[in-house]
Amino acid sequence: MNSAKLLVATHNPGKAREYARLLADLPLAVTWLADVNIADAVEETGATFTENALLKARHYAELTGLLTWADDSGLEVDALGGEPGVFSARYGGPGLSDQQRCAVLLTALNGTPEPQRTARFRCVVALAHPDGRTWTTTGAVEGCILTAPRGANGFGYDPVFFVPAYAASMAELPAAVKNQISHRAIAAAHARRLLADLLAGGLME
39 MNSAKLLVAT
49 HNPGKAREYA
59 RLLADLPLAV
69 TWLADVNIAD
79 AVEETGATFT
89 ENALLKARHY
99 AELTGLLTWA
109 DDSGLEVDAL
119 GGEPGVFSAR
129 YGGPGLSDQQ
139 RCAVLLTALN
149 GTPEPQRTAR
159 FRCVVALAHP
169 DGRTWTTTGA
179 VEGCILTAPR
189 GANGFGYDPV
199 FFVPAYAASM
209 AELPAAVKNQ
219 ISHRAIAAAH
229 ARRLLADLLA
239 GGLME
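Each residue of the sequence shown is one higher than the one before, starting from 39 at the first, in the working numbering.
In structure tokens:
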């Protein structure tokens, strides 16, 4: 294993750059799938975000021999029994746009009173060592589902997810604020601290 390199298991260059900036002060060279000529994708068959994040992290750690960082995230709506959950990106069927998925969600919640529209965005980051060791961290942001979209920033379910602490939808928040309070930002910050502790303790050797 090359202990000085961390593979971020993503095909998204924006996400790779975001994580590279977060980890810039650690003694690691951060790379991503395109950099190591990997085009395959892992089928996300897990029943939870944790299972899916671990599936991806373990797969690419075994494939490359590199310490690997992977994540999985989505929206959990209490009135829908936690749906869309791990199916957030596929909710409503294949090929739908973000706007169409939001519309499917709002239709599913039609008539649900405001106190029962509670929801959260959740993200799990998994770290996998090629020797089989794994670690996970979690981030979540609590809110509720609006009755109509608001805001033009963000993506996915951001326009229908209201954050009470800011009296705004996630899509109405400036990017700088969202990137501090989002589920992905929280999980990533926890994972960065965990990684720093593991490196300091020599546990990544």
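A virtual CB, placed ideally from N, CA and C, is assigned to each residue, including glycine.
In terms of residues, what are the limits of the alpha helix (DSSP H) holding G52? Run containing G52: 51 to 60, per the alpha helix (DSSP H) assignment.
Given a cut-off of 7 Å on the beta-carbon distance, is the pair A108 and A164 in contact? Yes, the Cβ-Cβ distance between A108 and A164 is below 7 Å.
Under three-state DSSP, which class holds E81? DSSP places E81 in coil when its eight states are reduced to three.
If you drop the 5 nearest sequence neighbours on each side, which residues of the same chain put their C-beta closer than 8 Å to that of A95? When the five nearest sequence neighbours on each side are left out, the beta carbons in the same chain lying within less than 8 Å of the beta carbon of A95 are those of A47, T106, W107, A108, A164, L165, A166, T172, in order along the chain.
Best match in P168, R158, T175, G170 for proximity to L184 [C-alpha to C-alpha]: Among P168, R158, T175, G170, the Cα nearest to that of L184 belongs to R158.
Can you check whether the CB of G189 is closer than 7 Å to the CB of P202? No, they are not a contact pair.
By DSSP's criteria, K43 is part of a beta bridge. Which residues make up the other side? Note: K43 sits in a beta bridge opposite A67.
Return helix, strand or coil for T176, following the three-state DSSP convention. In this structure, T176 counts as strand in the three-state DSSP scheme.
Please report the Cβ distance between A209 and G181, rounded to the nearest whole angstrom; I am assuming they are in contact, meaning their Cβ atoms lie under 8 Å. The C-beta distance from A209 to G181 rounds to 12 Å, too long to fall under 8 Å, and the pair is not in contact.
May I ask you to list the residues that DSSP assigns as paired with V201? Under DSSP, V201 takes part in a beta bridge, and its partners are A206.
Same chain only: Cβ atoms within 8 Å of Y98, ignoring 5 sequence neighbours per side: If the five residues before and after Y98 are omitted, its C-beta is found closer than 8 Å to the C-beta atoms of L45, A47, L71, I76, V80, L104, T106, A108, A166, all from its own chain and listed in chain order.
Below 7 Å CB to CB, which residues in the same chain sit around R230 once its five sequence neighbours on both sides are set aside? If the five residues before and after R230 are omitted, its C-beta is found closer than 7 Å to the C-beta atoms of L60, L61, all from its own chain and listed in chain order.
Considering only their Cβ atoms, is the gap separating S126 from G149 smaller than 7 Å? No. Outside cutoff.
Simplified DSSP assignment, three categories, for E121: The answer is coil: DSSP assigns E121 none of H, G, I, E or B.
At 3 residues or longer, what runs of the beta strand (DSSP E) sit wholly inside the region 141 to 170? Contiguous beta strand (DSSP E) elements confined to the region 141 to 170 occur at 156 to 166, taking only those with 3 or more residues.
Per DSSP, cross-strand counterpart(s) of V115: Beta-bridge annotation (DSSP): V115 is paired with A157.
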